[in-house]
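> Those letters in the sequence shown? Residues 660 to 922, per our numbering, in order.
From the three backbone atoms N, C-alpha and C, an ideal C-beta is built for every residue, glycine too.
Computed from a predicted model, the values in this text were never measured in an experiment.
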Amino acid sequence: MAIPILAYHNISNKFEPGVTRNTIHQFKNQMEWLFRNGYQTITLNDYHAFESKTVSKSSKKTIIITFDDAYESLANAAAIMQEFGFIGCTFAISDYVGRSNLWDYQLLNRKIQHADYKLLKQLLLSGWEVGSHTKTHAFLPFLSDNEIIREIKTSKETLENHLNVSIKSISYPYGKCNAKIRKIAKDMGFQTGVSLGMKKTSQHDLMNLHRVGIYLFDIKPIFQKKISSAHFNPKRIYSIQRCVSSFSFGSVFYRLLKQRIIN
Ligand SMILES: [Zn+2]
């Protein structure tokens with residue numbers, strides 16, 4: 660039975676255009692459902708240890724809960740998860756720690772604040788894992804080798820210097836990577852990499868772990884269906900995820916346009 664890896668973004672009641680947000684109430688209901696159904700959470704570091712057989716697997720139902728972009732709303736998520744004894748993994752964009760999301764387009768001028776180092780350190784203290792989401796949230800498949808190395812290496816070093824922990828997991832911005840990016844990340848010491856909306860292959864690759872995105876439209880039955888599909892019918896859920904993730908290309912396009920204008 661596969662271990663589902665969930666991908667959340669912003670847990671907040673503040674309106675924002677788009678669906679990569681969950682309300683606090685919705686998130687709490689989802690965590691409560693996982694708790695009542697006997698789930699335990701682990702980090703990607705734990706997962707790597709299971710996979711490399713340095714630690715034996717628990718018999719309990721296991722799930723990994725990740726948060727891309729490391730927004731300051733993680734404080735909401737962490738407080739709820741703590742009620743149920745859960746921990747998570749978040750991925751920080753090293754140039755934007757403690758700043759607003761100027762890397763993204765702000766529809767209706769809605770800016771979202773990223774977590775600062777104080778909050779990231781608190782999360783680490785409560786058992787969470789902090790990973791890298793690169794330096795500037797660049798779309799890696801379009802970059803040269805040197806640019807990819809710079810995005811990944813600088814982010815890892817900056818986060819390690821500020822947090823005083825080894826950063827071993829990476830979430831590829833916009834969920835996308837390729838074999839070259841995975842090799843660069845692995846060579847730099849990353850043990851696990853998570854993607855979103857990539858084509859699922861039969862080959863198991865710790866540097867390309869597929870995730871299930873959880874969005875605003877995921878009402879209770881859909882959330883439950885996603886979890887059970889991730890366990891028992893991963894092929895189906897990941898092909899649906901590919902369709903949903905294709906909407907993030909608006910953000911990628913904006914990003915490329917901005918780079919063109921600046922350069
Ligand atoms: Zn992101």
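In chain order, what are the residues with a CB under 6 Å from some non-hydrogen atom of ligand 1?
Asp727, Asp728, His792, His796, Pro832
> Would you mind stating whether phenylalanine 686 and isoleucine 723 have Cβ atoms separated by less than 8 Å?
No; because the gap between Cβ atoms is not below 8 Å, this pair is not in contact.
> Quick one: what's got a C-beta closer than 7 Å to phenylalanine 745's C-beta in the same chain, skipping five residues either side?
Met690, Thr700, Ile724
> May I ask which residues mark the beginning and end of the beta strand (DSSP E) holding glutamine 685?
That residue, glutamine 685, is in no beta strand (DSSP E); its alpha helix (DSSP H) goes 683 to 695.
> Taking all protein chains shown into account, decide if tyrosine 902 is buried (16 or more other Cβ within 10 angstroms of its Cβ) or exposed.
Going by the sequence as given, residue 902 is cysteine instead of tyrosine. Cysteine 902 counts as exposed, since fewer than 16 other beta carbons sit within 10 angstroms of its beta carbon.
> With 16 other CB atoms within 10 Å as the buried threshold, where does aspartate 804 fall?
exposed
> If you drop the 5 nearest sequence neighbours on each side, which residues of the same chain put their C-beta closer than 6 Å to that of asparagine 760?
Ile771
> Got a sec? Which residues, its chain only, sit under 8 Å from isoleucine 921 by beta carbon, not counting five neighbours each side?
For isoleucine 921, the pLDDT reaches just 47, beneath the cut-off of 50, and the residue's location in the model is therefore unreliable, leaving the point undetermined.
> With alanine 774 and alanine 729 assumed to form a contact (beta carbons below 8 Å), what rounded beta-carbon distance in angstroms separates them?
5 Å
> Where in the stretch 838 to 896 do unbroken runs of the beta strand (DSSP E), each at least 3 residues long, occur, reported from the N-terminal end onward?
851 to 854
> How many angstroms separate the CA atom of leucine 782 from the CA atom of serine 861?
34 Å
> Determine the contact status of proline 800 and isoleucine 752, defining contact as a CB-CB distance below 8 Å.
no
> Leaving out five residues before and five after leucine 755 in sequence, what residues of the same chain have Cβ atoms less than 8 Å from its Cβ?
A quick correction: the sequence has tyrosine, not leucine, at residue 755. Leu761, Trp762, His773, Thr795, His796.
> Report yes or no: do the stretch 807 to 816 and the stretch 825 to 845 share at least 3 C-beta pairs separated by less than 8 Å?
yes
> In or out: isoleucine 670 buried (at least 16 other Cβ within 10 Å) or exposed?
Looking at its Cβ environment, which holds 16 or more other Cβ atoms inside 10 Å, isoleucine 670 is buried.
> Under a Cβ-count criterion, where at least 16 other Cβ atoms within 10 Å of its own Cβ denotes burial, should serine 711 be classed as buried or exposed?
exposed
> May I ask which residues mark the beginning and end of the alpha helix (DSSP H) holding aspartate 804?
Secondary structure note for aspartate 804: its alpha helix (DSSP H) is the uninterrupted segment 804 to 822.
> According to DSSP, is aspartate 728 part of a helix, a strand, or is it coil?
coil
> Report yes or no: do the stretch 831 to 839 and the stretch 880 to 894 share at least 3 C-beta pairs separated by less than 8 Å?
no
> So what's asparagine 941 in DSSP terms, helix, strand or just coil?
The requested residue 941 is not part of the displayed model; the chain covers only 660 to 922.
> Does serine 905 come out as helix, strand or coil in the three-state DSSP assignment?
In this structure, serine 905 counts as helix in the three-state DSSP scheme.
> Who are the Cβ neighbours of lysine 719 in its own chain at under 7 Å, not counting the five residues just before and after it?
Excluding residues within five positions, the ones whose Cβ falls inside 7 Å are Gly697, Gln699.
> Using the beta-carbon count (16 or more within 10 Å), is glycine 848 buried or exposed?
exposed
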